[in-house]
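Residue numbers (our numbering): 138 to 300.
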């Protein structure tokens, strides 16, 4: 990574004010993720709406809290310490954050896509997570659709239609 690339990297403490990384920024290629971040295709905003909705709907509550933070800060690397702070003590430590995301592996495999986020190893509590801007927009739409579907099911006195 060049000094110029490092300068373009947002400061960890300023996630709300950070300049988001463009989807083609070199930092995305330098992530710490393993095979779940390489083996399957990247998310396609134009063609993966249904896959993103299914992925988001199947994510557990704690993983969804992390995904929501990344969706709301597209392109911005968010340190685990910030996730801990903003989660309202939903996680006991940075390892619990990582564990919640690792639990998405089955959902990822079913989606036939790579994880929708990237991560960069850091000092304890400073591992950072981010979602590309285009993927965050796709998952923002998936979040809205999932919320609307759940709200409609909650209001239906008969319940959802059998599949």
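Note that the Cβ used here is the ideal one computed from N, Cα and C, for glycine as well.
Give a yes or no on whether the minimum CB-CB distance between residue 173 and chain D is below 8 Å. The structure shown has no chain D; it contains just one protein chain.
Whole-Å CB distance - residue 203 paired with residue 276, under 8 Å assumed: About 12 Å separates the two Cβ atoms, so there is no contact after all.
Expected contact under 8 Å - CB spacing of residue 205 and residue 280 to nearest Å: 7 Å
Out of 234, 286 and 263, point me to the one whose CA is closest to residue 201's CA. 234
Segments of 4+ residues assigned as alpha helix (DSSP H) that fall wholly inside the stretch 200-229: 217-223
Express the C-alpha separation of residue 292 and residue 162 in angstroms, rounding to a whole number. 44 Å
By DSSP's criteria, residue 265 is part of a beta bridge. Which residues make up the other side? 216 and 257
Can you tell me whether DSSP reads residue 291 as helix, strand or coil? helix
Tell me the DSSP secondary structure of residue 145 in three-state form. Any answer about residue 145 is weak, because its pLDDT of 41 lies below 50 and its placement is not dependable; what the coordinates show is given next. In this structure, residue 145 counts as helix in the three-state DSSP scheme.
For residue 272, which residues from the same chain have a beta carbon less than 6 Å from its beta carbon, with the 5 sequence-adjacent residues on both sides left out? 180 and 253
Residue burial classification, residue 156 (beta-carbon count within 10 angstroms, cutoff 16): exposed
How is the alpha helix (DSSP H) around residue 240 delimited, first residue to last? No alpha helix (DSSP H) contains residue 240, which DSSP labels as neither H nor E.
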